[in-house]
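Visitor: The sequence shown begins at 1 in the UniProt record's numbering and counts up one residue at a time.
The C-beta atom is built at its ideal place from N, Cα and C for all residues, glycine as well.
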Amino acid sequence: MTALLFSILASTVIFVVFKLYPKFNINTLQAIVINYVVACCCGLYFQQTDFRVVEIPQNIWFPYTLILGVLFITVFLLMAITTQRSGLSVVSVATKMSVVIPIIFGLIYYKEHLGILKFLGILLALIAVYLASIKKQEGLKIKPKNLIFPVLVFLGSGIIDTTIKFLEGEFVAKDDTPLFSATIFFAAAIIGIVTLIFKAFRGKFQFEFKNVVGGIFLGIPNYFSIYFLVQALRSNIFESSGVFTINNVAIVLTSTFLGILLFREKLLPKNWLGIVLAVIGIVLIASEKY
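(1) Whole alpha helix (DSSP H) runs in the UniProt domain "EamA" (4-133) with 4 or more residues, listed along the chain?
(2) Quick one: complete alpha helix (DSSP H) runs, 4+ long, within the segment 204-237?
(3) What is the residue span of the alpha helix (DSSP H) that residue 250 lies within?
(4) Just mark residue 318 as buried or exposed, buried being the case when its beta carbon has 16 or more other beta carbons within 10 Å.
(5) Kindly indicate which residue of 187, 165 and 207 has the alpha-carbon position closest to the one of residue 196.
(6) Counting C-beta neighbours from all protein chains within 10 Å, is the total for residue 272 16 or more, i.e. buried, or is it exposed?
(7) Could you tell me the boundaries of the alpha helix (DSSP H) in which residue 171 lies?
(8) Going by C-alpha distance, which of 252, 280 and 263 is nearest residue 89?
(9) Please state whether the Cβ-Cβ distance between residue 258 and residue 12 is less than 8 Å.
(10) Expressed to the nearest angstrom, what Euclidean distance is found between the alpha-carbon atoms of residue 65 and residue 29?
(11) Indicate whether the contact test is met: 3 or more Cβ pairs, each with one atom in the segment 120-135 and one in the segment 265-285, closer than 8 Å.
(12) Is the Cβ-Cβ distance between residue 236 and residue 35 less than 8 Å?
(13) Helix, strand or coil for residue 142, going by three-state DSSP, please let me know.
(14) Residue 156 and residue 102: beta carbons closer than 8 Å?
(15) Quick one: using the 10 Å Cβ neighbour count with 16 as the cut-off for buried, is residue 45 buried or exposed?
(16) In this structure, how does DSSP classify residue 284 when only helix, strand and coil are distinguished?
(17) Under the three-state reduction of DSSP, which class applies to residue 268: helix, strand or coil?
(18) Within 8 Å, do at least three Cβ pairs link the segment 190-204 to the segment 258-270?
(19) Three or more beta-carbon pairs under 8 Å between the segment 78-93 and the segment 224-242, yes or no?
(20) Please work out which residues of its chain come closer than 8 Å, Cβ to Cβ, to residue 172, disregarding the five sequence neighbours upstream and downstream, and give them in chain order.
(21) Thinking residue 4 and residue 247 are a contact (beta carbons under 8 Å), I'd like their distance in whole angstroms, please.
(22) Taking 8 Å as the threshold (C-beta atoms), are residue 284 and residue 121 in contact?
(23) Among residues of its own chain, excluding the 5 on either side of residue 76, which ones have a beta-carbon nearer than 7 Å to its beta-carbon?
(24) Excluding the five sequence neighbours on either side, which residues of its own chain have a C-beta within less than 6 Å of the C-beta of residue 39, listed in chain order?
(25) For residue 99 and residue 107, what's the separation of their Cα atoms in angstroms?
(26) Beta-carbon separation of residue 133 and residue 93 under 8 Å?
(27) Once DSSP output is grouped into helix, strand and coil, what is the label at residue 136?
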């Protein structure tokens, strides 16, 4: 349970950092790239067993980390496009609703138990995520030509969570979790650096040190959000379908309350309904465990 709580806390800190970027005019792309470098360094620092860099590609999970690294930064870019074209609420719903993909994977591949309480809890949690994420009275508005972007964000986010679950269960040794995470972030960082170099050649790159600071403050909680999520999946306190559901819904809850306390965000009645349903959903899922 401790690992799950720390994963939720780290992910919530990421939310706060992102909310502060516009206030300090942080270039999000530059900060994201620095964030991946910092997260990679955290993984290498916390790796307790000895390793040689040249031997990392020999690990069976190595090719998958490269794919995950590509997905990490690709999904980020898709999120940026979706935000620009359809709004932040659409991105929030797409990323959080993607939890259905690892849930279905866990139920089918690992044959996880799905009792009535767990089913109702997951269903209420999904409804809660939608209601709590919509901050406009009129709900979501997506032009047909822009629909592909939130769909890709949904699929990409779900595939990332599912792949992490599969790899940690099948290939990644417990002591190699930091190194596994570091390799994912390294792959994402390389792609991000190449993107920045390309922008520099086109004359669209302007370096500012504050972007490095923004990346550092993002990279540390980003690493721990992945590290503790993997530890939570291994804790066996809940099955993976329960871990992913509680993790995503709790992040929405804590982020919403922090939005009220720190950024004076106003909630609509449906947002409060979403919060109530989220709490009920978590209680139902936890109840079936015991």
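Guide: Considering the structure as presented:
(1) 28-46, 62-86, 88-97, 100-109 and 116-133
(2) 209-235
(3) 240-263
(4) Outside the shown range of the chain (1 to 290) lies residue 318, about which nothing can therefore be said.
(5) 207
(6) exposed
(7) First-last for residue 171: undefined, no H or E at that position.
(8) 252
(9) yes
(10) 21 Å
(11) yes
(12) no
(13) coil
(14) no
(15) exposed
(16) helix
(17) coil
(18) no
(19) no
(20) 61, 180 and 230
(21) 6 Å
(22) yes
(23) 32
(24) 185, 219, 222 and 223
(25) 13 Å
(26) yes
(27) coil
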